[in-house]
Amino acid sequence: MFISSQFMLLFSRQGKLRLQKWYVPLSDKERKKISRDLVQTILARKPKMCSFLEWRDLKIVYKRYASLYFCCAVEDQDNELITLEIIHRYVELLDKYFGSVCELDIIFNFEKAYFILDEFLLGGEAQETSKKNVLKAIEQADLLQEVCSD
Amino acid sequence: MPAVSKGDGMRGLAVFISDIRNCKSKEAEVKRINKELANIRSKFKGDKALDGYSKKKYVCKLLFIFLLGHDIDFGHMEAVNLLSSNKYTEKQIGYLFISVLVNSNSDLIRLINNGIKNDLASRNPTFMNLALHCIAFASEIPRILVAGDTMDSVKQSAALCLLRLNRTSPDLVPMGEWTARVVHLLNDQHLGVVTAATSLITTLAQKSPDDFKTSISLAVARLSRIVTSASIDLQDYTYYFVAAPWLSVKLLRLLQCYPPPEDAALRSRLTECLETILNKAQEPPKSKKVQHSNAKNAVLFEAISLIIHHDSEPTLLVRACNQLGQFLQHRETNLRYLALESMCTLASSEFSHEAVKTHIETVINALKTERDVSVRQRAVDLLYAMCDRSNAKQIVAEMLSYLETADYSIREEIVLKVAILAEKYAVDYTWYVDTILNLIRIAGDYVSEEVWYRVIQIVINRDDVQGYAAKTVFEALQAPACHENLVKVGGYILGEFGNLIAGDSRSSPLVQFNLLHSKFHLCSVPTRALLLSAYIKFINLFPEVKATIQEVLRSDSQLRNADVELQQRAVEYLRLSCIASTDILATVLEEMPPFPERESSILAKLKRKKGPGNLPDIDDARRNVNGNTEHSEKTETTNKVTLVRTASAYLLNLNSTPTAGASLLVDVFSDSSTLASVEVSDENFPRFVCKNNGVIFENQLLQIGLKSEYRQNLGRMYVFYGNKTSTQFLSFSSSVTCNDTLKNHILSTSSVDPIIEGGAQVQQILNIECVSDFTDAPVLNVQFRYGGTLQNIAVKLPVMLNKFFQPTEMTSQDFFQRWKQLGAPQQEVQKIFKAKHPMDTEVTKAKILGFGVALLDRVDPNPENFVGAGVIHSKNTQVGCLLRLEPNTQAQMYRLTLRTSRDSVSQRLCDLLSEQF
């Protein structure tokens with residue numbers, strides 16, 4: 001009943017998970033099974049197909065950016081299009097932060113990717129939809145790091 | 001922003017990641033990882049205390065290894081240690097590790113809690129935020145949220161933290177004074193705060209709508225300000241020229257927790273907002289980017305959801321429908337998908353149902369041309385939702401033709417939907433039968449049991465369609481390869497109604513049988529079992545094929561079939577066909593009685609599959625239109641469990657325990673009295689001890705009269721069945737059962753016509769022979785159908801030993817000589833009993849004569865006493881009997897003495913006669 005995601009997965013065209021964030025408590029075993037099944041299902045779909053699918057009792061919203069698939073699971077009543085734009089906004093944030101983000105950035109700086117996601121979504125809900133505000137928060141944190149490591 | 005140089009790069013980590021990426025094989029990767037794990041483990045265990053940086057680096061490596069899909073079972077402690085570091089980056093990595101890797105059930109939670117508490121208490125807003133991000137507790141949060149001096153970003157985190165807590169453990173954050181103030185966050189200047197607060201309020205409002213009613217007006221006001229704002233007003237909250245799409249969607253979602261506002265001004269302001277949103281959809285796009293249209297339409301779809309939720313403004317509903325209609329032909333697959341989905345809910349509103357129906361051609365076209373199965377699935381759903389009596393034939397036909405090429409994943413659901421629509425909107429049941437047979441032909445594998453059970457139920461309950469069904473299945477079975485489900489339906493229907501088409505020489509009984517039997521060997525065991533039942537029904541319907549079928553049943557492949565169920569059926573049906581009279585056959589194999597009407601089992605199945613919420617409400621509204629389908633639970637006729645019902649239910653339900661059904665079938669022929677459920681009436685039985693004619697049974701429907709005559713060991717009984725009603729008795733049948741010792745006593749029973757007209761009487765003749773002496777009486781079982789229900793009556797027939805008396809006259813001298821000869825203790829039975837009737841000499845005399853013995857005058861010295869003599873004739877022996885009855889008028893008592901050469905006879909006769917006085 002909310003615009004809230006149950007989990008978010010990033011995976012490559014080869015099916016390698018690059019990032020996973022779970023907003024519902026699930027055991028490791030369940031998580032693994034869900035990721036495996038879902039990655040297979042999505043990779044099997046053709047490019048022109050629609051970005052939404054019903055999967056078990058969830059709605060899956062996904063979009064491919066270059067070699068990476070971004071995939072978000074929301075509840076039945078949730079708004080698919082706005083979820084699609086949540087994904088896009090996250091990609092924009094990554095892009096802005098890393099400067100034309102590519103898969104390698106996310107692999108090598110996965111902790112940053114997590115921090116950005118956490119600034120943007122909290123508990124699966126959009127916390128701050130302003131790009132500027134999110135980036136400002138990340139920058140502040142980075143600044144803090146620099147200060148500390150000095 | 002060149003990010004990689006930002007912050008403090010961890011060189012060791014980057015090297016490790018590169019190493020992994022350079023691995024050529026999975027094995028090499030695993031090897032590298034194991035090496036690293038060993039390294040980290042030794043570092044963590046080592047004596048030398050690690051500095052914060054190293055700890056952070058190793059924890060990060062562990063995280064990366066986890067992301068690669070490996071299990072991490074250590075390092076948690078180090079991560080928790082990082083929480084208490086005073087360096088931001090170390091704290092941050094600690095939190096990250098915990099939020100990704102630690103489940104709420106971990107025993108580390110206590111330690112983590114401590115770290116979080118410390119951070120929450122700190123004055124450092126960044127630390128506070130870090131803590132909030134990870135959080136799972138704290139009653140401090142409401143205070144942070146509504147405090148005036150809290151930073152906006154902290155408020156946002158706090159709001160979403162509360163939301164999370166409220167969902168996972170609501171008791172941790174009791175409602176309080178803060179709730180009223182939370183609502184006012186909708187007015188906050190900072191849109192980020194409003195967005196987060198709206199999520200929280202929506203969650204809270206769903207749980208206790210009354211407490212948050214004030215949010216309605218604030219939400220409408222906020223929404224109104226957003227939709228009327230120029231796209232640049234909201235600065236960074238404008239997303240691709242759409243003003244605050246996330247907040248708009250959330251506000252619209254919040255409003256869906258409530259009915260339409262009661263306040264007229266508020267209501268018209270909301271309607272204005274919704275109209276503005278609908279209008280904007282018609283404006284030319286401000287950007288060609290897909291993000292623009294997505295964001296705009298996200299708001300539009302949410303607005304339509306609200307309009308449907310309110311379901312009160314016909315104009316808005318129709319406008320929404322038209323808008324969705326446009327999307328049905330949009331080039332964006334996503335929009336077509338969503339339009340179909342949204343229209344499904346619109347179809348259930350009475351205001352927009354007709355408007356939705358106008359798009360039928362487009363939807364049908366989508367079914368045919370969409371390349372994406374999930375879109376086609378939505379089209380099927382929508383067709384199902386918009387179906388009514390006016391378009392049922394078209395929709396069912398389209399679904400059927402789609403079924404031929406449909407994806408395997410959705411076939412079963414389509415089959416169910418077609419079956420339901422065909423049944424629900426059938427005016428002409430021949431159409432229904434055709435549709436279901438088509439279903440089986442096209443997608444037999446996906447036709448579940450519920451579907452083919454249902455077609456049989458409907459055919460059995462509707463006699464106007466039975467002949468057509470028989471003809472159609474007969475034709476369908478002609479196909480060289482037909483689906484097994486068709487054989488099941490065909491076998492069942494021909495077994496029941498094959499006689500309706502047997503007149504045509506092209507479908508004569510033998511042709512029907514040969515057709516069915518040609519499929520037999522290709523079928524599975526349950527189907528074969530069903531076919532065997534159809535065969536035995538054929539024997540009843542068509543005596544002319546009896547020999548052919550018996551031959552089939554007798555073959556080794558049946559009688560010695562390895563499958564116990566098939567073997568049992570073959571043996572029993574063969575035996576049944578050999579020994580049972582046509583009457584009994586007709587009773588056992590009678591046409592199925594109508595099934596009690598109840599909710600369609602298919603509908604129930606679809607509901608199970610989809611969950612009740614997904615079925616359009618219109619189903620319920622329309623259900624009553626079709627009187628046939630859904631009478632809610634009628635009184636179940638099944639509690640009058642009768643043989644035919646149970647046995648034939650068994651024929652249908654192949655999976656039920658076979659033994660129960662089988663033993664019922666056998667019971668008809670077993671010698672012990674049948675039908676434990678029917679009480680044997682013996683009320684009038686004693687009256688017939690001393691007389692042979694009269695009424696033995698009578699109820700409101702039926703009277704059974706008897707007239708009998710006996711000579712020596714033979715007897716004949718005329719049974720008269722009188723129909724006391726003005727309605728026909730149908731399927732009338734009767735049979736006599738005896739226990740073992742009486743086995744051969746009933747020689748024959750004549751047949752009775754299966755129909756007894758109202759007011760008429762029919763006669764049945766029983767021939768009886770006494771083989772040897774006996775005690776128990778035979779039972780007459782009567783069955784017939786009166787007004788739809790099967791009646792079962794069982795009556796104890798007055799065939800008793802004394803009926804086979806031949807009176808013997810003898811002198812006083814002979815009598816006493818004989819009396820003394822029978823002096824052995826076991827030969828005499830004596831009973832002293834109280835008189836039940838007035839002690840009238842003449843009546844007593846008549847009774848003794850009626851009992852069958854000769855009354856000997858002046859034999860006993862006491863003239864008050866009665867003595868009698870007679871001989872019981874049985875096939876094997878003759879038993880001489882003497883009796884003496886001594887009344888005592890003063891005491892109103894009798895003493896009855898019987899002496900015979902056989903003790904069992906003495907006892908029986910004494911019992912019978914002593915009851916008469």
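For the record, the sequence lines run as chains A and B.
Under the UniProt record's numbering, think of the first position of the first sequence as 1, with each following residue one higher.
Under the UniProt record's numbering, think of the first position of the second sequence as 1, with each following residue one higher.
In this text, a Cβ means the ideal position worked out from N, Cα and C, and glycines have one as well.
Note that the coordinates shown come from a computational prediction; the quantities given were computed from them, not determined experimentally.
S149(A) at chain B interface by Cβ criterion, 8 Å
Note that S149(A) has pLDDT 49, beneath the 50 cutoff, so the model's placement of it is unreliable and the number below is only indicative. Answer yes: the Cβ-Cβ gap between S149(A) and chain B drops below 8 Å somewhere.
If you run the structure through DSSP and keep just helix, strand and coil, what is V427(B)?
coil
Quick check on V101(A): does DSSP put it in helix, strand or coil?
coil
Residues of chain B with CB under 9 Å from K33(A), in chain order?
Chain B residues near K33(A): none, gap ~12 Å exceeds 9 Å.
Cut-off 7 Å between Cβ atoms - residues of its own chain near I72(B), not counting five sequence neighbours on either side
L62, I65, F66 and L101
Check whether the Cβ atoms of S51(A) and N334(B) lie closer than 8 Å to each other.
yes
My output table needs one value for T89(B): the three-state DSSP class, helix, strand or coil.
helix
Quick one: which chain B residues come within Cβ less than 9 Å of S5(A)?
Here the premise fails: no neighbours, minimum Cβ distance about 12 Å.
What residues match up with Y786(B) in a beta bridge as DSSP calls it?
T789(B)
For the alpha helix (DSSP H) that A244(B) lies in, which residues bound it at each end?
Taken as a continuous stretch (DSSP letters only), A244(B) belongs to no alpha helix (DSSP H), as it is neither H nor E.
For F866(B), which of helix, strand or coil comes out of DSSP?
strand
Could you check which residue in I756(B), A422(B), I442(B) and P594(B) has the C-alpha nearest to that of T405(B)?
I442(B)
If we cut at 8 Å on Cβ distances, does T129(A) have a partner in chain B?
yes
Quick one: list the residues of chain B neighbouring C50(A), beta-carbon separation under 8 Å, in chain order.
T333, N334, R336, Y337, D372, S374 and V375
Taking CB distances under 8 Å as the criterion, tell me whether A28(B) reaches chain A.
no
Strictly below 7 Å CB to CB, what residues from chain A border G94(B)?
Those do not exist, as G94(B) stays about 11 Å from chain A at its closest Cβ, beyond 7 Å.
If you follow the beta strand (DSSP E) that Y894(B) is part of, which residue opens it and which one closes it?
M893 to T900
Beta-carbon proximity list for G12(B), same chain, < 7 Å, skipping 5 on both sides
K57
Taking CB distances under 8 Å as the criterion, tell me whether A649(B) reaches chain A.
At A649(B), the pLDDT of 34 sits below 50, so the modelled position is not reliable; the number obtained from the coordinates is stated separately. Closer than 8 Å: no.
Limits of the alpha helix (DSSP H) - the one that E475(B) falls within
Q466 to L477
Three or more C-beta pairs closer than 8 Å, one from the segment 780-798 of chain B and one from the segment 812-821 of chain B: is that the case here?
no
Inter-residue spacing [alpha-carbon to alpha-carbon] between E139(A) and P314(B)
51 Å
So, using beta-carbon positions, are R18(A) and I106(A) closer together than 8 Å?
yes
Same chain, Cβ closer than 6 Å to T527(B), neighbours up to 5 away in sequence not counted
E484, V487 and K488
Exposure of G715(B), with buried meaning 16 or more beta-carbon neighbours within 10 Å:
buried
DSSP state of N514(B) mapped onto helix, strand, coil:
helix
Counting only Cβ-Cβ distances shorter than 9 Å, please list the residues of the segment 582-606 of chain B near chain A, keeping chain order.
none
Give every residue of the same chain whose Cβ lies closer than 8 Å to the Cβ of G52(B), excluding the five residues on either side of it in the sequence, and list them in chain order.
L82, S85, K87 and E90
I'd like to confirm the pairing. Which residues does DSSP put opposite Y69(A) in its beta bridges?
F11(A) and R64(A)
Min CB distance K29(A) to chain B below 8 Å
no
Mind listing the chain A neighbours of I793(B)? Cutoff is C-beta to C-beta under 8 Å, in chain order.
Those within 8 Å of I793(B) in chain A number zero; the least Cβ separation is about 56 Å.
Quick one, which of C690(B), A366(B), R32(B) and Q907(B) has its alpha-carbon nearest L882(B)'s?
Q907(B)
Using beta carbons (cut-off 8 Å, strictly below), is L17(A) in contact with chain B?
yes
Under a CB-based cut-off of 8 Å, is L93(A) close to chain B?
no
DSSP-derived helix/strand/coil call for R18(A)
strand
Provide the residue(s) that pair with R716(B) in DSSP beta bridges, ordered along the chain.
E709(B) and N767(B)
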